[in-house]
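Quick note, our numbering runs 100 ahead of the 1-based positions in the sequence shown. Below is one structure; the comments refer to it alone.
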Amino acid sequence: MTSDLDTRFMSLALTLGRRGLGNAWPNPAVGAVVVKDGMVVGRGWTQPGGRPHAEVEALRRAAEAARGATLYATLEPCSHHGKTPPCVDAIMAAGIARVVSALEDPNPKIAGQGHARLRAAGVAVTSGVSAEAALRAHAGHISRVRRGRPHVTLKLAVSADGKAGLAGRRPADITGQAARERVHLMRAMNDAVISGIGTVLSDDPQLTCRLPGMEHRSPVRVVLDSSLRQPPSSRLASSAARTLDWTFADQAAPPEKERALTDLGVEVLRVPGKNGRLDLGAVLSGLAGRGITRVMVEAGPILSAAFVTADLVDEVALFSSRKALGPNALDALEGLPLTALTQAQGLRLVGSQAVGEDRLDMFERK
101 MTSDLDTRFM
111 SLALTLGRRG
121 LGNAWPNPAV
131 GAVVVKDGMV
141 VGRGWTQPGG
151 RPHAEVEALR
161 RAAEAARGAT
171 LYATLEPCSH
181 HGKTPPCVDA
191 IMAAGIARVV
201 SALEDPNPKI
211 AGQGHARLRA
221 AGVAVTSGVS
231 AEAALRAHAG
241 HISRVRRGRP
251 HVTLKLAVSA
261 DGKAGLAGRR
271 PADITGQAAR
281 ERVHLMRAMN
291 DAVISGIGTV
301 LSDDPQLTCR
311 LPGMEHRSPV
321 RVVLDSSLRQ
331 PPSSRLASSA
341 ARTLDWTFAD
351 QAAPPEKERA
361 LTDLGVEVLR
371 VPGKNGRLDL
381 GAVLSGLAGR
391 GITRVMVEAG
401 PILSAAFVTA
411 DLVDEVALFS
421 SRKALGPNAL
431 DALEGLPLTA
441 LTQAQGLRLV
451 GSQAVGEDRL
461 DMFERK
């Protein structure tokens, strides 16, 4: 039976788990709390690269105080041998009396077996506490397991008149400093950020997190470049030795252009393409195969519209400015009205807030 205390401590575990977002792949970003006599005696979250797991971290910090305590975890503890021993073994060895989890892990290697092993060992198990919040927190892991692709967030910055750039596909400063800093934070909380070759050629972006003290949390930079037009002098390619840079190209793209990029540390991945457009489903499947669970699309109107048209957008972060760019400026979505997102039947508005002088509207799949 769920109590107010269970909900409160699970909320703490969810908060801790968010520390691992963008940093824990290929594993889910789990949070865990060990509680004894109403007091928190251990906290943990999935560490960089996915190990150690949150439960093990929390138990390590709790030490002997874990005996007879309750462990709160935002996802079912693992029950199989991977690169580390099962968390359920550590939980039983620590003498935990009760485990409260938010969700059963959809990973077929676990899928209820963690809970079953704990119950068989005499550990009391309660599942489903704060499940809705945990579904959001673990959306990337769930998507990768169930759909074979990462959770996709489309980030757009639009002017007051729904534009995303100047005529001639020239970039424009649309949002203010506060919104730009929020985007850097969002990058840090995603495993990868996707952009198109058009944006690379026109903006020469870095796509890193440049918040003070968080530079090491930059995501994998992913460029969709069917014919490998990205110049080796671009800021992305020239920094590939420091921050991961994966470029997806058509299978027919010139090998000599690939070598020019790989010499700099760019990893070139080949997927099917047609008429200069890559198969987005194949791109996302390839990312999932490499452990990526959450991606943010930061692209121009053409690629953004392609993700919308392909119904591959799970979440939208729409930054809106008070400034107008005029009727000759670029529409935010090539060939689509902005209402294809804001009034889409499959999306719902879940929150709005001011970010400096701009507004952020968040949408998610219904």
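Idealized CB from N, CA, C, for every residue including glycine.
For Ser295, the enclosing beta strand (DSSP E) has its first and last residue at 292-296.
Residue environment analysis places Glu457 among the exposed positions, since fewer than 16 neighbouring C-beta atoms fall within 10 angstroms of its C-beta.
Less than 7 Å divides the Cβ of Arg143 from the Cβ of Leu116. For Val397 against Thr253, the beta-carbon gap comes to about 7 Å, under 8 Å, which counts as contact. The beta carbons of Leu361 and Ala337 sit about 6 Å from each other, so the pair counts as a contact at 8 Å. Sorting Val416, Arg247, Ser404 by C-alpha distance to the C-alpha of Ile297 places Ser404 at the top.
Nearest to Ser230 by alpha-carbon distance, out of Ala279, Gly195, Ala173, Ser243, is Ala173. About 16 Å separates the beta carbons of Lys255 and Val300, which is beyond the 8 Å limit, so they are not a contact pair.
Trp145 is not a Cβ neighbour of Gly122, given a cutoff of 7 Å.
Here His316 is not bridged, per DSSP, to any residue. With distances taken between CA atoms, Leu412 lies nearest to His251 out of Asp431, Ala432, His251, Arg321.
With respect to the 7 Å criterion, Leu175 and His238 are classified as neighbours on the basis of their beta carbons.
Gly212 and Ala129 have their C-alpha atoms some 18 Å from each other.
Remark: C-beta atoms of Ala340 and Val368 do not approach each other more closely than 7 Å.
Rounded to whole angstroms, the Cβ separation of Gly373 and Asp350 is 4 Å, and the two are in contact under 8 Å.
The three-state secondary structure of Met462, taken from DSSP, is strand.
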